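Remarks on the structure that follows.
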Amino acid sequence: MSQITLTFPDGNQKQAEAGITAAEVAADISKSLSKKAISAQVNGQHYDLQWPITEDAQIAINTLQDDAPALELIRHDLAHIMARAVQEIWPDVKVTIGPVRDNGWFYDFDRQDPFTPEDLAGIEKKMREIINARDAVKTEVWPRERAIQYYKDRGEPFKLELIDRIPEGEDLRMYWHGDWQDLCRGPHLVHTGQVPADAFKLTHVAGAYWLGDSSRPMLQRIYGVAFKSKKDLSAWTTMMEEAAKRDHRKLGREMNLFHMQEEAPGQIFWHPNGWTIYTELQDYMRRKQRAGDYVEVNTPQVVNRKLWEASGHWDNYQENMFIVEVDEDHAREKTVNALKPMNCPCHVQVFNQGLKSYRDLPLRMAEFGSCARYEPSGALHGIMRVRGFTQDDAHIFCTEEQIEEETAKFIEFLAGIYADLGFDQWTIKLSTRPEKRIGSEESWDRVEAALGNACKAAGYGYDIQEGEGAFYGPKLEFTLTDAIGREWQCGTLQVDPNLPERLDASFIGRDGDRHRPVMLHRAVLGSFERFIGMLIENYAGKLPLWLAPRQVVVASIVSDADDYVAEVTQALRARGIRAEADTRNEKINYKVREHSLGKVPYIFAIGMKEVEERTVSVRRLGENRTQTQSLDEVLAQLPTEARAPDLA
RNA sequence: GCUGCCGUGGCUCAGGGGUAGAGCACCCCCUUGGUAAGGGGGAGGUCGAGAGUUCGAAUCUCUCCGGCAGCACCA
2 MSQITLTFPD GNQKQAEAGI TAAEVAADIS KSLSKKAISA QVNGQHYDLQ WPITEDAQIA
62 INTLQDDAPA LELIRHDLAH IMARAVQEIW PDVKVTIGPV RDNGWFYDFD RQDPFTPEDL
122 AGIEKKMREI INARDAVKTE VWPRERAIQY YKDRGEPFKL ELIDRIPEGE DLRMYWHGDW
182 QDLCRGPHLV HTGQVPADAF KLTHVAGAYW LGDSSRPMLQ RIYGVAFKSK KDLSAWTTMM
242 EEAAKRDHRK LGREMNLFHM QEEAPGQIFW HPNGWTIYTE LQDYMRRKQR AGDYVEVNTP
302 QVVNRKLWEA SGHWDNYQEN MFIVEVDEDH AREKTVNALK PMNCPCHVQV FNQGLKSYRD
362 LPLRMAEFGS CARYEPSGAL HGIMRVRGFT QDDAHIFCTE EQIEEETAKF IEFLAGIYAD
422 LGFDQWTIKL STRPEKRIGS EESWDRVEAA LGNACKAAGY GYDIQEGEGA FYGPKLEFTL
482 TDAIGREWQC GTLQVDPNLP ERLDASFIGR DGDRHRPVML HRAVLGSFER FIGMLIENYA
542 GKLPLWLAPR QVVVASIVSD ADDYVAEVTQ ALRARGIRAE ADTRNEKINY KVREHSLGKV
602 PYIFAIGMKE VEERTVSVRR LGENRTQTQS LDEVLAQLPT EARAPDLA
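Next up, the structure:
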């Protein structure tokens, strides 16, 4: 046996025989560590305590104190424990895969009958029994044939297919939790009792395609969440409740922003309150775009299929388009149109009007473009994923040499908008050439480099998403993080040399010849609908003053104050404030409660004292103290405070 | 689109083969009350749509439509 050198985190070194396990290393250090150990980091890899270490290694023993490995193991072992519990209750259920995910794990099963909520409770109970039994976790590497035979004997077709997909020559590792066995690459805990029995929960069941392929059978997926402690689990529960409170569909109803109905699935009926948010945001974007040297255009909704054929959408995107057939008089065939799913082909039509010179480039053409896409019914979600929406779309027509500078400019443009809207945390992802692509390698090299350089020039880092670009060019994606830590991909910039080619866009160069421009598709918000949904959830409905649909409610305390309430309301409106009077025959408590729930930023309460002194009693949303201010003072202050960030 | 669940007055929900219930909201009356629900009364529903089973269907069955959770989709 050859000797290897183990190096510990404190720098100490130790000689050991090759094949030693981390369990043995831990035992050698101390009895208490040996008891607490759950796994090890070996040369940066997460190792099972039972795996042999065969070469010189940096080694650190993990305990339950180490969050990342502990959570990974707890969740992964729970996946196995759950699968074991399911097969103990229903022996004929077939097992498939069960990875760790987000705050927990899932495991996919093949079973005739659906799992019910009562079934989940039964599974949880069985899982606790398994945990309390403190069954040993054991692992072995098996020869392929033995594993295949084993699963043939057990009648586990999905496992056989998994084995088939593991490359020849790679170890097939088996794990046992007690007597229950699963094919798994590990690592795992030492025994089931290391999983906290009170810090996990099965959350829900849903269908999921085998191997994520919609042509394969649909399995039943059981989701669970797990943490290190009961306290963490209840923190997660609280967080979920918080997210539910912020749900834009719920707040949209409560704040009377919009509704949807089945005659127009996936499309929004904006109410006055919601439309106010929309138009405020759009006005803001329009001002920003003008300041950013964009020109604004508007193009048709219903466009003949010829254009979609030319752009390539007819072939590649048809099933997502609303097709509109028109039976024109005297026509032998119906005219076939499609509602535009994107604005780009129309923008090229505008670009193509008249000769363009290199002096016209870069040409930044913006449109608040209303698009319709026939999204699959299962994809629809409130106002976030809809069939009718408006993009803050623009196409920058430029030369390849201008891509870098235009991209850098765009990033700065976008950064300013995100900051104005209250998002200071966001990241950039650069998606590079996919396997199926057009264009030369040199061109991909240049354009990918241009995007990367532009990020650096603008002062931002980025992550690379290998192979995730569109077939015609790389793209940047801008993902922002909301107030409760959720991520939303909103902004995008895509380089497209393809569409100008297909739709024959050109400009006259300095040399007098025709040249092909490149298009940069770009958006900051993405769609107004989705972005507003996200804003509502980010702010839990408590929008910044400038976006709030109702900025002030002036509420009377006694009806003798009604005239003054009307005067205050009119004075606010005259200064551009969205103010409403509330002189209903209700107590002030009632009015305060109602308008607080309605997320109105300011309630001005008016009683006889205010009438006599010409003051208002100001109550800000979220505060329960009030402040009396003179009417003149408020009228002078509020319009400034309510200004959009670019006008402040 | 797929799997599962759901669809009862404006909202939140109870009921579950024998002629539809609650709370809030709404309307009317009383009350003029100082910062998160004052009191009383009234009106309002062909129980998502269609077909079937039944003496009888909101309730059972089927088909559609829509919603929710996930999956797939988001050239």
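Take the first sequence: its letter number 627 is residue 628 in this note's numbering, and every next letter is one higher. Every residue, glycine too, gets a C-beta built ideally from N, C-alpha and C. All values reported here derive from a predicted model rather than from experimental measurement.
With a CB to CB cut of under 7 Å and the five nearest residues on each side skipped, what residues in its chain are close to residue 516?
Same-chain partners within the cutoff: 507, 508 and 510.
Quick check: the Cα distance between residue 491 and residue 21, rounded to an integer number of angstroms?
Distance between the alpha carbons of residue 491 and residue 21 is about 50 Å.
What residues in its chain sit with their C-beta under 6 Å from that of residue 148, if we drop five residues either side in the sequence?
Within the same chain, residue 148 has close Cβ partners 164 and 173.
Between residue 371 and the rest of its own chain, which residues show a CB-CB distance below 6 Å, the 5 nearest in sequence each way excluded?
Around residue 371: 391.
Thinking residue 77 and residue 101 are a contact (beta carbons under 8 Å), I'd like their distance in whole angstroms, please.
That pair is a contact at about 5 Å.
Report the rounded CA-to-CA distance for residue 436 versus residue 645, giving the unit in angstroms.
Spanning the two alpha carbons is a distance of roughly 45 Å.
Report buried or exposed for residue 569, applying the criterion of at least 16 other Cβ atoms within 10 angstroms of its Cβ.
By the neighbour-count rule (16 or more Cβ atoms within 10 Å), residue 569 is buried.
Quick check on this structure: which residue in 98, 344, 524 and 406 has the alpha carbon closest to the alpha carbon of residue 110?
Ranking 98, 344, 524 and 406 by Cα distance to residue 110 puts 98 first.
Buried or exposed, going by whether 16 or more other CB atoms sit within 10 Å of the CB of residue 49?
Under this definition residue 49 is a buried residue.
Going along the chain, which unbroken runs of the beta strand (DSSP E) with 3 or more residues stay wholly within the segment 336-412?
Taking only runs of at least 3 residues, the beta strand (DSSP E) segments lying wholly in the segment 336-412 are 336-340, 364-373 and 389-399.
Could you give the distance in angstroms between the alpha-carbon of residue 468 and the alpha-carbon of residue 112?
Roughly 36 Å between the two C-alpha positions.
Measure the CB-CB distance between residue 612 and residue 562 and report whether it falls below 7 Å.
Yes. Within cutoff.
Which residue comes first and which comes last in the beta strand (DSSP E) that contains residue 463?
Looking at the DSSP string, residue 463 is not in any beta strand (DSSP E), and its letter there is neither H nor E.
Whole angstroms are fine: how far does the CA of residue 340 sit from the CA of residue 142?
In a straight line, the C-alpha of residue 142 is about 58 Å away from that of residue 340.
Does DSSP put residue 185 in a helix, a strand or coil?
Coil, per DSSP.
To the nearest whole angstrom, what separates the beta carbons of residue 219 and residue 398, a pair I think is in contact under 8 Å?
45 Å between Cβ atoms; not a contact.
Could you check if residue 32 is buried or exposed, using at least 16 other CB atoms within 10 Å of its CB as the buried criterion?
With fewer than 16 Cβ atoms within 10 Å of its Cβ, residue 32 is classed as exposed.
Please state whether the Cβ-Cβ distance between residue 643 and residue 592 is less than 7 Å.
Going by C-beta atoms, residue 643 is not nearer than 7 Å to residue 592.
When burial is assigned at 16 or more other CB atoms within 10 Å of the CB, is residue 260 buried or exposed?
By the 10 Å Cβ count, residue 260 comes out exposed.
Could you compute how far the alpha carbon of residue 59 sits from the alpha carbon of residue 105?
Straight-line Cα distance between these residues: approximately 29 Å.
Return the Cβ separation of residue 382 and residue 348 in integer angstroms, given the expectation that the two are a contact with Cβ distance under 8 Å.
In fact, because the Cβ distance is near 28 Å, the residues do not count as touching under 8 Å.
Excluding the five sequence neighbours on either side, which residues of its own chain have a C-beta within less than 8 Å of the C-beta of residue 597, listed in chain order?
Around residue 597: 604 and 622.
Report yes if the C-beta of residue 558 is less than 6 Å from at least one heavy atom of the ligand ATP; otherwise report no.
No copy of the ligand ATP appears in this structure; indeed no ligand is present at all.
For the alpha helix (DSSP H) that contains residue 606, what are its first and last residues?
It is not in any alpha helix (DSSP H) - residue 606 instead sits in the beta strand (DSSP E) that spans 603-607.
Does the distance from the C-beta atom of residue 306 to that of residue 327 stay below 7 Å?
It is not a contact, given that the beta carbons lie outside the stated cut-off.
Using DSSP bridges, identify the partner residues of residue 532.
The partner list for residue 532 (beta bridge, DSSP) is empty, contrary to what the question assumes.
Between residue 530 and residue 387, is the Cβ-Cβ spacing less than 7 Å?
Going by C-beta atoms, residue 530 is nearer than 7 Å to residue 387.
Does the distance from the C-beta atom of residue 231 to that of residue 183 stay below 7 Å?
Going by C-beta atoms, residue 231 is not nearer than 7 Å to residue 183.
Which class does residue 245 belong to by DSSP, given the choice of helix, strand or coil?
The answer is helix: DSSP assigns residue 245 an H, G or I state.
Please list the segments of the alpha helix (DSSP H) lying wholly inside the segment 548-581, counting only runs of 4 or more residues, in order along the chain.
Qualifying alpha helix (DSSP H) stretches, in chain order: 563-575.
Considering only residues of the segment 295-319, which uninterrupted alpha helix (DSSP H) runs meet the minimum length of 4 residues and lie entirely inside it, listed in chain order?
DSSP runs (the alpha helix (DSSP H)) wholly in the segment 295-319: 306-312 and 314-318.
Hey, out of 369, 553 and 271, whose CA is closest to residue 298's CA?
Cα-wise, what sits closest to residue 298 is 369.
Drop a sphere of 10 angstroms on the beta-carbon of residue 356, count the other beta-carbons inside from all chains shown, and report buried for 16 or more, exposed for fewer.
Residue 356 is exposed by the Cβ-count criterion.
Which residues mark the beginning and the end of the alpha helix (DSSP H) in which residue 133 is found?
Where residue 133 is concerned, the enclosing alpha helix (DSSP H) stretches over 118-133.
How would you write the range of the alpha helix (DSSP H) that residue 160 sits in, first residue to last?
Element bounds for residue 160: 158-166.
Among 445, 221, 75 and 249, which one has its Cα closest to the Cα of residue 64?
Nearest of 445, 221, 75 and 249 to residue 64, Cα basis: 75.
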